[in-house]
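The structure appears right after this line, and notes come after that.
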Amino acid sequence: MLNIKDLKVSIEGKSILKGINLEVKPGEVHAIMGPNGSGKSTLSSVIAGREEYEVEDGSINFNNEDLLSLDPEERAHRGIFLSFQYPIEIPGVSVTNFIKTAINESRKAQGLDAMPASKMLKKMREKMRLLEMDQNFLSRSLNEGFSGGEKKRNEIFQMAMLEPKLAILDETDSGLDIDALRIVANGVNKLRTPENATIVITHYQRLLDYIVPDFVHVLYNGKIVKSGGKDLALELEDKGYDWVKKEADNLV
Amino acid sequence: MEDLKEKLLSSFIAFESTLNGQAKSPIHKVRTKAIEVFEEKGFPTKRNEEWKYTNLKPILKHDYKLLSHPESEIEFKDVKRYFLHDTDTYKIVFVDGVFSSWMSRTTHDGYDICTFASAIEKYTHIVNKYFNKAASQEDSLTALNTAFAREGAFINVPDNTIVEKPIEVVFFSTNSDTEMMTMPRNLVVVGKNSQAQIIERHQSLHGNNVLTNVVTEIFAEESSHVSYYKVQNDEYTASLIDNTYVDQKEKSNCTVDTFSLGGKFTRNNLNFNLTGEHCECHLDGITIIEDDQLVDHHTRIDHKVPNCQSNELYKGIYDDKAKGVFNGMVMVHPDAQKTNAFQQNNNILLTDTASIDTKPQLEIYADDVKCSHGCTVGQLDDDALFYMRSRGIAEKEAKAMLMYAFSNDALKNVRIASLRSKLNLVFAKKLGVDLDFGL
Ligand SMILES: Nc1ncnc2c1ncn2[C@@H]1O[C@H](COP(=O)(O)OP(=O)(O)O)[C@@H](O)[C@H]1O
Ligand SMILES: [Mg+2]
Chain A
1 MLNIKDLKVS IEGKSILKGI NLEVKPGEVH AIMGPNGSGK STLSSVIAGR EEYEVEDGSI
61 NFNNEDLLSL DPEERAHRGI FLSFQYPIEI PGVSVTNFIK TAINESRKAQ GLDAMPASKM
121 LKKMREKMRL LEMDQNFLSR SLNEGFSGGE KKRNEIFQMA MLEPKLAILD ETDSGLDIDA
181 LRIVANGVNK LRTPENATIV ITHYQRLLDY IVPDFVHVLY NGKIVKSGGK DLALELEDKG
241 YDWVKKEADN LV
Chain B
1 MEDLKEKLLS SFIAFESTLN GQAKSPIHKV RTKAIEVFEE KGFPTKRNEE WKYTNLKPIL
61 KHDYKLLSHP ESEIEFKDVK RYFLHDTDTY KIVFVDGVFS SWMSRTTHDG YDICTFASAI
121 EKYTHIVNKY FNKAASQEDS LTALNTAFAR EGAFINVPDN TIVEKPIEVV FFSTNSDTEM
181 MTMPRNLVVV GKNSQAQIIE RHQSLHGNNV LTNVVTEIFA EESSHVSYYK VQNDEYTASL
241 IDNTYVDQKE KSNCTVDTFS LGGKFTRNNL NFNLTGEHCE CHLDGITIIE DDQLVDHHTR
301 IDHKVPNCQS NELYKGIYDD KAKGVFNGMV MVHPDAQKTN AFQQNNNILL TDTASIDTKP
361 QLEIYADDVK CSHGCTVGQL DDDALFYMRS RGIAEKEAKA MLMYAFSNDA LKNVRIASLR
421 SKLNLVFAKK LGVDLDFGL
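Chains A and B, in that order, give the protein sequences.
In terms of the working numbering, the first sequence has 105 at position 105, counting the first letter as 1, and numbering is strictly consecutive.
In terms of the working numbering, the second sequence has 25 at position 25, counting the first letter as 1, and numbering is strictly consecutive.
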């Protein structure tokens with residue numbers, strides 16, 4: 001599904017990703033962990049199509065299509081979804097209208113008619129129930145004045161509405177208390193199918209208790225320095241990142 | 001070609017001679033004095049501090065015809081779209097400076113909604129009491145209008161009266177074969193505890209140049225509530241100089257919203273004089289222009305007494321080579337303690353060639369006041385654009401949504417629902433938004 005090969009990325013001349021290789025197959029859950037500043041958000045932004053980053057080398061294929069030649073909206077239409085680490089506030093655009101526009105733009109790109117309003121509303125209600133969200137969310141301005149937790153929940157709500165093939169959750173757990181974390185993780189799990197895949201980016205093992213990964217990768221200093229099964233996350237929780245860092249630094 | 005100033009001065013004599021029997025009336029003296037002011041000062045030039053960023057010269061060069069008579073017939077169906085739909089309104093309509101009785105809906109039932117010309121004859125005491133009392137005696141463009149003051153809207157609402165229906169004041173110019181200058185004069189008096197909502201619009205219907213130099217005086221008496229909306233969405237051949245003077249008595253509440261969405265040259269001089277305690281005024285403006293259009297907002301709020309509140313929010317989106325000017329003066333006089341003045345001017349420039357000169361001017365001579373002002377000039381937020389695009393919304397649509405959201409904010413004080421939705425549509429069309437997602 002997703003195939004990243006030797007990806008090198010820089011911004012303003014500063015090299016951030018230094019050769020990333022990653023393969024994600026349908027149905028899989030991958031966790032990417034790593035200390036602050038190691039390049040996790042950069043990787044997810046580049047997959048989603050943020051233009052500020054310069055891809056120096058390497059490739060990203062998604063279902064055998066060259067992702068790097070597509071606009072962000074085209075990537076979304078192919079089924080890529082990024083839950084932002086820091087969701088953006090957009091005053092004056094309501095949650096409902098934003099989601100409605102996003103869904104219908106995707107449908108338009110796929111040659112489908114707009115979703116009837118009644119069906120849209122029904123779907124929204126259903127997904128809000130799943131995430132235990134209050135109805136009045138819908139009429140509020142997108143993310144404006146939302147608490148950290150509300151923003152994250154709203155991201156997953158959008159994901160539930162858009163039903164992506166590949167969801168990248170960038171530190172969705174930060175800002176969530178334990179109850180909200182459980183609800184959000186439960187929501188993500190319910191949305192899993194054998195056809196779609198998830199990349200969970202996190203700092204902590206905590207979220208991985210609920211969304212159990214098939215693979216865990218450690219990103220450090222722009223490189224995946226270690227990969228393993230879900231036990232690797234536990235090991236990291238126990239020992240911290242220092243030993244991986246040391247191992248990686250020794251290699252250099 | 002005769003110089004416009006000379007032409008105006010000589011036609012003043014002709015104009016006066018058409019006003020039989022008014023020679024002894026007080027209004028005659030006012031006009032004569034006003035033409036002297038204009039003769040002495042002439043049109044403002046860039047040397048004038050208030051006109052530093054806006055050059056009047058190019059629009060004075062045309063060969064305008066001055067005396068008004070309808071150039072050609074217009075049919076209501078052709079101009080219907082310039083009025084509110086689905087809303088019953090009073091209408092005062094002029095065509096080429098002449099009152100169009102058949103398109104208008106005036107009244108004298110409970111309040112007077114009619115022409116200024118008829119008020120000069122019939123309501124002399126009101127005219128003598130209010131006419132030219134709020135307007136500047138020194139400003140040369142205002143004086144020019146005063147000299148020629150004859151036709152325009154007259155709205156007089158007595159005490160304790162609510163005018164439920166909105167009042168539409170529309171000036172059409174057909175100007176099919178000539179270039180034309182008009183100088184409408186509006187007088188609005190809203191009595192104690194009374195309410196009125198007014199929409200003013202200047203609209204040219206053909207492709208010749210039109211210059212409008214309009215003066216509106218609004219008197220908001222004690223505890224009155226006045227909402228005044230200026231819809232400026234004229235043709236590319238139209239130039240407008242709008243001089244509006246508001247005089248507010250205690251506990252009154254007055255809103256003037258200015259929607260500048262068209263025209264070639266638009267200068268708004270909006271002046272508020274707060275002379276009674278505990279009054280509140282709102283000035284909202286939204287400007288969306290392109291090509292080489294120019295919109296210049298000069299506002300001035302005089303806080304003369306304690307305990308008043310002024311709120312000013314102007315927003316602008318400038319494309320191509322469009323040029324905006326915002327100059328907001330807030331003058332807090334020595335007696336005006338506990339003044340609460342808020343001013344904000346936010347702008348988005350869509351190109352490198354669009355520009356905005358923004359200048360807040362606060363002069364505060366009282367010590368116990370709360371005044372804030374701010375201005376921003378920027379492009380559309382890249383983070384927001386990326387966020388929207390990553391959810392599948394195409395760049396063009398995302399930009400349009402952001403601009404639409406930005407501008408819509410300035411519609412929140414519009415109390416007439418059909419006007420709000422009409423403006424919504426205009427914004428959406430101008431910004432290229434598919435109104436399907438209508439906010
Ligand atoms: N827009 C940017 N401009 C400059 N430097 C950036 C930008 N985005 C990220 N970086 C730098 O790239 C490195 C990786 O950042 P990031 O991808 O956010 O890491 P993580 O998500 O793992 O904490 C950091 O050193 C950060 O300062
Ligand atoms: Mg990050």
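Glycine is no exception: its CB is placed at the ideal position from the N, C-alpha and C atoms.
Every value quoted in this text rests on a predicted model; they were computed, and no experiment measured them.
Since Ile-393 (chain B) meets chain A, which of its residues come closer than 7 Å, beta carbon to beta carbon?
Glu-73, Thr-101, Ala-102, Glu-105
Quick one: Cα of Ile-289 (chain B) to Cα of Val-295 (chain B), how far?
8 Å
Residue burial classification, Ala-394 (chain B) (beta-carbon count within 10 angstroms, cutoff 16):
Residue environment analysis places Ala-394 (chain B) among the buried positions, since at least 16 neighbouring C-beta atoms fall within 10 angstroms of its C-beta.
Indicate, with yes or no, if ligand 1 has a heavy atom lying under 7 Å from the CB of Gly-34 (chain A).
Yes; taking the cut-off as 7 Å, the Cβ of Gly-34 (chain A) has a heavy atom of ligand 1 nearer than that.
Any non-hydrogen atom of ligand 2 within 7 Å of Gln-85 (chain A) CB:
yes
Spell out whether any CB of chain B is found under 8 Å from the CB atom of Ala-76 (chain A).
By this cut-off, Ala-76 (chain A) is an interface position.
Assigned exposure category for Thr-18 (chain B) - 16 Cβ within 10 Å defines buried:
exposed
Does the CB of Ala-384 (chain B) have a neighbour CB from chain A at under 8 Å?
Chain A, which has a Cβ nearer than 8 Å to the Cβ of Ala-384 (chain B), makes this yes.
Measure from the C-beta of Val-93 (chain A) to each C-beta in chain B and report whether the shortest distance is under 8 Å.
yes
Is Arg-415 (chain B) helix, strand or coil when you go by DSSP?
coil
Buried or exposed, going by whether 16 or more other CB atoms sit within 10 Å of the CB of Ile-13 (chain B)?
exposed
Range of the contiguous alpha helix (DSSP H) that encloses Phe-98 (chain A):
Where Phe-98 (chain A) is concerned, the enclosing alpha helix (DSSP H) stretches over 95-109.
The beta strand (DSSP E) spanning His-225 (chain B) covers which residue range?
First-last of the beta strand (DSSP E) with His-225 (chain B): 225-232.
Starting from the C-beta of Leu-385 (chain B), find all residues in its chain whose C-beta is less than 6 Å away, skip the five residues before and the five after it, and write them out in chain order.
Ala-398
Kindly list the residues whose CB is nearer than 6 Å to the CB of Asn-273 (chain B), restricted to its own chain and excluding five residues on each side of it in sequence; keep chain order.
Asp-247, Asp-302
For Arg-129 (chain A), which three-state DSSP category applies?
Judged by DSSP in its simplified three-state form, Arg-129 (chain A) adopts helix.
Quick check: what's the CA-CA separation for Ala-185 (chain A) versus Gly-34 (chain A)?
20 Å
For Lys-251 (chain B), which residues from the same chain have a beta carbon less than 8 Å from its beta carbon, with the 5 sequence-adjacent residues on both sides left out?
Closer than 8 Å at Cβ, skipping near neighbours: Glu-222, Ser-223, Gly-276, Glu-277, His-278, Cys-279.
Just reading off the alpha helix (DSSP H) that Pro-72 (chain A) is part of, what are its end residues?
Segment 72-78, the alpha helix (DSSP H) holding Pro-72 (chain A).
At the level of alpha carbons, what is the spacing between Lys-422 (chain B) and Glu-164 (chain B)?
19 Å
Of all the options B:Ser-104, B:Asn-340, B:Lys-5, B:Arg-391, which has the alpha carbon lying nearest to the alpha carbon of His-373 (chain B)?
B:Asn-340
Given a threshold of 16 other Cβ atoms within 10 Å of its Cβ, counted over all protein chains shown, does Lys-412 (chain B) qualify as buried or as exposed?
exposed
Is Ser-194 (chain B) buried or exposed, if buried means 16 or more other CB atoms sit within 10 Å of its CB?
Buried.
Three-way DSSP call (helix, strand, coil) for Thr-216 (chain B) in this model
strand
Would you list, in chain order, the members of the stretch 147-181 of chain A that have their beta-carbon closer than 8 Å to a beta-carbon of chain B?
Listed in sequence order: Gln-158, Leu-162.
Alpha carbon to alpha carbon, how far is Ala-220 (chain B) from Val-226 (chain B)? Give it in angstroms, no decimals.
7 Å
For Ala-31 (chain A), go through chain B and note every residue whose CB falls closer than 9 Å to its CB, in chain order.
Result: empty, since nearest Cβ-Cβ is about 21 Å, beyond 9 Å.
List, in chain order, every chain B residue whose beta-carbon is nearer than 9 Å to that of Ile-285 (chain A).
Residue 285 (chain A) cannot be examined here, being either before or after the span of chain A that is shown, 1 to 252.
Per-residue contacts from Arg-50 (chain A) into chain B (C-beta, under 7 Å)
Phe-386
When every heavy atom of ligand 2 is checked, does at least one fall within less than 7 Å of the C-beta of Asp-179 (chain A)?
no
Classify Asn-189 (chain A) as buried or exposed, calling it buried when 16 or more other Cβ atoms lie within 10 Å of its own Cβ.
Label assigned to Asn-189 (chain A): exposed.
Simplified DSSP state of Thr-172 (chain A), which is helix, strand or coil:
coil
In the DSSP assignment, what are the bridge partners of Gln-203 (chain B)?
Partner(s): B:Phe-172.
Quick one: measure Cβ to Cβ for Asp-257 (chain B) and Tyr-236 (chain B), integer angstroms, because I've assumed they're closer than 8 Å.
Actually they do not touch by this definition, with Cβ atoms about 23 Å apart.
For a contact defined as C-beta to C-beta under 7 Å, what are the partners of Phe-257 (chain A) on chain B?
With chain A covering only 1 through 252, there is no way to say anything about residue 257 (chain A).
Secondary structure at Lys-52 (chain B), three-state DSSP: helix, strand or coil?
coil
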